[in-house]
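Asks: For reference, the structure I am asking about is given below.
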Amino acid sequence: MKSKLILYAEDDPADAYMMQRAFAKVDPCARLHRASDGEEVVDYLEGKGRYQDRNQFPLPVVLLLDIKMPRRSGLEVLAWLRSQQGELCRIPAVMFTSSRQSQDLARAYELGVNSYLVKPDTLDDLLVIIQSFDQYWLNLNEAPPPQ
Amino acid sequence: MSSKFSGRMAEDDALRLMVQSVEDYAVLLLDVEGRVCTWNAGAERLHGYRADEIIGRHFSVFYPEPKGEEGRAEAALCVVAEKGSTEEEGWRLRKDGSRFWANATLSRVRDGDGSLIAFGLITRDITARRQAEQRYRQLVEGVVDYAIYSLDAEGNVTSWNAGAERLKGYTASEIIGRHFSTFYTAEDRAAGLPAKVLATARRDGHFTGEGWRVRKDGRRFWSSVVVTPLYGDDGHLTGYSKITRDMSERRQAEKRYRQLVEGVVDYAIYSLDVNGNLTSWNAGAQRLKGYSAEEILGRHFSMFYTPEDRAAGLPAQVLANARREGHFTGEGWRVRKDGSRFWSSVVVTPLYDDDGQLSGYSKVTRDMTDRKMLLDQIQAHARELEQRIAEREQTNAELEAFSYSVSHDLRAPLRAIQGFAQILWEDFGEQLPPEARQFLEQISTSATRMSRLVQDLLEYSRLGRSEMALEAVSLLQAIEHGLEQLGETARAVQVDVSPGIQVLAHAATLTQVFTNLAGNAVKFTRPGIEPQVTISARERGDSVVVSVTDNGIGIAPQHQERVFQVFERLHTNEQYPGTGIGLAIVRRAVHRMHGSIGIESQLNQGSTFVLQLKKAEVKAQIA
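Structure follows, in structure tokens:
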């Protein structure tokens, strides 16, 4: 059975709650693990601290990254990720942010992001987006082969 | 004895050899009859005969003897035999019959007893010198602008050129032999001036001066005169040369010029001697600097400078610069007699006399205080303006950054308010009393409204900030895309725009402009009247004028400017919902695309928004 873990970086608990709620409605099988800042994402992916157990905390199918976060921004996490060797650097990453600033967009694509989504204003719109996201990244998309 | 004798012989030989080899002079001995006895290299070169051809022949062969002048050679011998020697200049003949102008010295040679034993003849070719002299004489005689003539030691005229005749009116034959005091006025003659002139010339080596002279017809003229004493080879005074020039015109011109300069009042024009002391002062100088001529003449010009400039040595530098560069121009503060300062523009020119000696300086000074003040003011204004612009640019940038981040950060809590209101409704709606559900709806509506506000503000802020690349955009397409955003309500809009019109724009921004304009046009309707909106366009020069006309409530003239301001609204949200940013976005967008926007409207008579956009350069297609 394929693990369908999404590693989700979001510092705003309200946004995180709404996201979790949307996923629960759209795809109850999807596992969403929330990291509350960029550093925690890196810890998780490196298997450091409380994330040492890969069975309990497997590598995600896709990364969902907010940009504006304390300590390490989503873009910094992305830069770090793409500079890693092997499995890590191939993990698909999707930006999920309120910024439509062209320099953020440009930077994200330069760093090798796989998709860029802008946070919607309403729950209904969020639901629509998560449906598409789930359909595409968890079902249609072929993940990179395991090493 | 024998050694002395042999020494004497050697000397004679050396002398003979030397004479023989001289090439520039013909040196020869004639016997008492005048026949050639010796012949040197110079003689051969001059006359063309070899020694064997000429020795023994009479020296009269050297004389060209036109009829009636025969016997000149014999005559010369007789004179010399008696007097000792003669020197003469005249034509001599060469073997080939050609002539040269010769200087010939004939002298007798006598033995110890005084008996004539031979004649010595030294001849030199001076044809070239004679030609030069002739040319020179012709030159002098031909000069008509100067009277050039000579006097003997007593002052009588001995030569007279064309210029002298023209200037003084006498012909050569009339004047030669007469005393030069004829040219002086009676007063000058009575004062003994002519004799003084000659005495000065003798004492100083020359005399130069100016003065009145009298023509033959009695008229006077102002003349400039140079008299030079002439001395013979023996150092005796032989006479004088005189060069006279008519200066009447120059004197007149100078007088006019001086009057002109003295009368100028807008410029201080004055002169300095070589040391910088004032030698002339015009009316303008008096007006500008406050000193009268009597007060200032003879004083040093550095007194016009400020004490600081004087201490820095500026006056001396100015004169040095003028000498080095040929003139000096500059501006600076100067001081008036009353101590007040003025900003002056100065030109200093060194003056040289005819010998090239520095004779002083001319200075022209102008009061430029007004201009300086004006210039300073303009510069101060420019600086202030630049600073203000810089400050404003910084403020603008800060403001944009601020509004952008506010808009951004406001959206996160808004999402939460909206989201959780909805979650509350979805999860617990049925458990809530109707009043609570109404409140929940109010929260949601307000959050939605605020969300739109923030979005518009974000858009407005982005329009001010981001780079906007302009390109050719189809006007019709932009309008149609803009109307698509309005959904159903756009049905009231009629578009009358030719599909060929292209404007210089940013496609997404232009689309937004028409969404907002058409959205307003269908929104602000009068109760009971179906909205009718027309969008039309026409080309005018290099512009495209787009009109968006509605039949709505209209805008009173006094409010027409306000509607373009951010958050300016003419109605309550209940009457006509909106954020108050839509038209501000439109105006900013249009300005960013180098266009303009205005309103033609009367209250209750509908409005027409008139947009002027730049027409895009469309490359002509060749059929």
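Protein chains in written order, with this note's numbering: chain S, 1215 to 1361; chain C, 294 to 916.
Backbone N, C-alpha and C define an ideal beta-carbon position, used for all residues, glycine too.
Which of the residues in the segment 766–786 of chain C, read from start to end, lie with their CB under 9 Å from any CB of chain S?
Replies: Under the 9 Å Cβ criterion, the segment 766–786 of chain C contributes no residue.
Asks: By a C-beta neighbour count over all protein chains shown, 10 Å radius and 16 as the cutoff for buried, is T738 (chain C) buried or exposed?
Replies: One-based indexing of the second sequence puts residue 738 (chain C) at position 445. So T738 (chain C) ends up on the exposed side.
Asks: Are the beta-carbon atoms belonging to E1290 (chain S) and G1261 (chain S) less than 9 Å from one another?
Replies: Indexing the first sequence from 1 puts residue 1290 (chain S) at position 76. Indexing the first sequence from 1 puts residue 1261 (chain S) at position 47. Not a contact, by the Cβ cut-off of 9 Å.
Asks: In angstroms, rounded to a whole number, what distance separates the CA positions of D1225 (chain S) and M1233 (chain S)?
Replies: Locating residue 1225 (chain S) in the first sequence gives position 11, where the first residue counts as 1. Locating residue 1233 (chain S) in the first sequence gives position 19, where the first residue counts as 1. Those two C-alpha atoms are separated by around 12 Å.
Asks: Let's see if you can read the secondary structure: which residues bound the beta strand (DSSP E) around L409 (chain C)?
Replies: Taking the first residue of the second sequence as position 1, residue 409 (chain C) is located at position 116. Start and end: L409 to D418.
Asks: If you measure beta-carbon to beta-carbon, which residues of the segment 796–825 of chain C are closer than 9 Å to chain S?
Replies: Residues passing the 9 Å Cβ filter: none.
Asks: Kindly indicate the opening and closing residues of the alpha helix (DSSP H) around Q770 (chain C).
Replies: Residue numbering aside, residue 770 (chain C) sits at position 477 when the second sequence is read from its first letter. Its alpha helix (DSSP H) spans residues L768 to E777.
Asks: What residues in its chain sit with their C-beta under 8 Å from that of Q914 (chain C), if we drop five residues either side in the sequence?
Replies: For the purposes of this step, residue 914 (chain C) is identified with residue 621 of the second sequence, where counting begins at 1. Annotation note: pLDDT 43 at Q914 (chain C) (below 50); position unreliable, coordinate value reported separately. Nothing meets the Cβ criterion.
Asks: Mark Q672 (chain C) as exposed unless 16 or more other C-beta atoms lie within 10 angstroms of its C-beta, in which case mark it buried.
Replies: Counting from 1 along the second sequence, the entry for residue 672 (chain C) is found at position 379. Flag for Q672 (chain C) reads exposed.
Asks: Exposed or buried, which one is V437 (chain C) when buried takes at least 16 other CB atoms within 10 Å?
Replies: Residue numbering aside, residue 437 (chain C) sits at position 144 when the second sequence is read from its first letter. Flag for V437 (chain C) reads exposed.
Asks: Counting only the same chain and skipping the five closest in sequence on each side, list residues whose C-beta sits under 7 Å from that of L763 (chain C).
Replies: For the purposes of this step, residue 763 (chain C) is taken as the residue at position 470 of the second sequence. Closer than 7 Å at the Cβ level, and outside the excluded window around L763 (chain C), lie L797, A798, H799 and M886.
Asks: State the start and end residues of the unbroken beta strand (DSSP E) segment that holds Q787 (chain C).
Replies: Within the second sequence, residue 787 (chain C) is the residue found at index 494, counting from 1. From DSSP, the beta strand (DSSP E) with Q787 (chain C) extends over V786 to D789.
Asks: Rounded to whole angstroms, what is the Cα-Cα separation between F732 (chain C) and P706 (chain C)?
Replies: Sequence index remark: in the second sequence, residue 732 (chain C) carries index 439 (1-based). Sequence index remark: in the second sequence, residue 706 (chain C) carries index 413 (1-based). Distance between the alpha carbons of F732 (chain C) and P706 (chain C): 19 Å.
Asks: Threshold first: 4 residues or longer. Then list the alpha helix (DSSP H) segments lying entirely within the segment 651–728 of chain C, N to C.
Replies: Counting only runs of 4 or more, we get 662–721.
Asks: Cβ-heavy atom distance between L810 (chain C) and the ligand GTP below 8 Å?
Replies: Ligands displayed in this structure: none; no statement on the ligand GTP is therefore possible.
Asks: Do the segment 480–499 of chain C and the segment 405–416 of chain C touch if we need at least three Cβ pairs shorter than 8 Å?
Replies: The segment 480–499 of chain C is not in contact with the segment 405–416 of chain C.
Asks: Determine whether the Cβ of L1340 (chain S) lies closer than 9 Å to any Cβ atom of chain C.
Replies: Within the first sequence, residue 1340 (chain S) is the residue found at index 126, counting from 1. Answer yes: the Cβ-Cβ gap between L1340 (chain S) and chain C drops below 9 Å somewhere.
Asks: Mind listing the chain S neighbours of Q715 (chain C)? Cutoff is C-beta to C-beta under 7 Å, in chain order.
Replies: As a position in the second sequence, residue 715 (chain C) is number 422, starting the count at 1. Per Cβ cutoff of 7 Å: L1337.
Asks: Please say whether A615 (chain C) and V641 (chain C) have beta carbons closer to each other than 9 Å?
Replies: As a working mapping, residue 641 (chain C) is identified with position 348 in the second sequence. As a working mapping, residue 615 (chain C) is identified with position 322 in the second sequence. In contact: V641 (chain C) and A615 (chain C) (Cβ atoms closer than 9 Å).
Asks: List, in order along the chain, the chain C residues whose C-beta lies closer than 8 Å to that of A1223 (chain S)?
Replies: Position 9 of the first sequence, counted from the first residue, corresponds to residue 1223 (chain S). By Cβ distance, chain C contributes nothing, its closest Cβ being about 15 Å from A1223 (chain S), past 8 Å.
Asks: Establish whether the CB of K1218 (chain S) and some CB of chain C are separated by less than 9 Å.
Replies: For this step, residue 1218 (chain S) is matched to residue 4 along the first sequence. No - not a single Cβ of chain C is within 9 Å of the one on K1218 (chain S).
Asks: Based on Cα-Cα distance, which residue from S:F1237, S:P1242 and S:D1280 lies nearest to A1223 (chain S)?
Replies: Sequence index remark: in the first sequence, residue 1223 (chain S) carries index 9 (1-based). Nearest option by C-alpha distance: S:D1280.
Asks: So which residues on chain S does R704 (chain C) lean against when the C-beta distance must stay under 9 Å?
Replies: Start at 1 with the first residue of the second sequence, and residue 704 (chain C) comes out as number 411. By Cβ distance, chain S contributes S1312, K1333 and D1335.
Asks: Between T662 (chain C) and chain S, is the shortest Cβ-Cβ distance under 9 Å, so that the two count as touching?
Replies: For the purposes of this step, residue 662 (chain C) is taken as residue 369 along the second sequence, with counting starting at 1. No - not a single Cβ of chain S is within 9 Å of the one on T662 (chain C).
Asks: Is the beta carbon of L444 (chain C) less than 9 Å from the beta carbon of F473 (chain C)?
Replies: Numbered from its first residue, the second sequence carries residue 444 (chain C) at position 151. Numbered from its first residue, the second sequence carries residue 473 (chain C) at position 180. Going by C-beta atoms, L444 (chain C) is nearer than 9 Å to F473 (chain C).
Asks: Ordered along the chain, which non-local residues of its own chain (more than five positions away) have a Cβ less than 7 Å from that of S836 (chain C)?
Replies: Walking along the second sequence from the start, residue 836 (chain C) turns up at place 543. Here the set comprises Q905, L906, K907 and K908.
Asks: Against S744 (chain C), what residues of chain S qualify as contacts under a CB-to-CB distance less than 9 Å, listed in chain order?
Replies: Position 451 of the second sequence, counted from the start, is the residue given in the question as residue 744 (chain C). Those within 9 Å of S744 (chain C) in chain S are D1335 and T1336.
Asks: If you draw a straight line from the alpha carbon of E503 (chain C) to that of L491 (chain C), how long is it in whole angstroms?
Replies: Position 210 of the second sequence holds residue 503 (chain C). Position 198 of the second sequence holds residue 491 (chain C). Their Cα atoms are separated by approximately 14 Å.
Asks: Within 10 Å of its beta-carbon, does V839 (chain C) have 16 or more other beta-carbons around it, so buried, or fewer, so exposed?
Replies: For the purposes of this step, residue 839 (chain C) is identified with residue 546 of the second sequence, where counting begins at 1. The residue is buried, with at least 16 neighbouring Cβ atoms inside 10 Å.
Asks: Assign F621 (chain C) to one of three DSSP states: helix, strand, or coil.
Replies: Taking the first residue of the second sequence as 1, we reach residue 621 (chain C) at position 328. Strand, per DSSP.
Asks: Give the straight-line distance between the Cα atoms of G364 (chain C) and E358 (chain C), rounded to the nearest whole angstrom.
Replies: As a working note, residue 364 (chain C) is residue 71 in the second sequence. As a working note, residue 358 (chain C) is residue 65 in the second sequence. Taking the straight line from one Cα to the other gives about 8 Å.
Asks: Please list the partners that R1285 (chain S) has in chain C, where partner means a Cβ-to-Cβ separation under 8 Å.
Replies: Position 71 of the first sequence, counted from the first residue, corresponds to residue 1285 (chain S). Chain C residues near R1285 (chain S): none, gap ~18 Å exceeds 8 Å.
Asks: Considering only C-alpha positions, which residue in the set C:R482, C:G485 and C:Y442 is nearest to S466 (chain C)?
Replies: Within the second sequence, numbered from 1, the residue matching residue 466 (chain C) stands at position 173. Here the closest residue by C-alpha is C:Y442.
Asks: Express the C-alpha separation of N449 (chain C) and E434 (chain C) in angstroms, rounding to a whole number.
Replies: Here residue 434 (chain C) corresponds to residue number 141 of the second sequence, with the count starting at 1. Here residue 449 (chain C) corresponds to residue number 156 of the second sequence, with the count starting at 1. One C-alpha to the other measures close to 18 Å.
Asks: By the three-class DSSP mapping on this structure, what secondary structure does S541 (chain C) have?
Replies: Locating residue 541 (chain C) in the second sequence gives position 248, where the first residue counts as 1. Here S541 (chain C) sits in helix by DSSP.
Asks: For F857 (chain C), which residues of its own chain have a beta-carbon under 7 Å away from its beta-carbon, when the five flanking residues on both sides are left out?
Replies: Position 564 of the second sequence, counted from the first residue, corresponds to residue 857 (chain C). So the qualifying residues of the chain are L876, A877 and R880.
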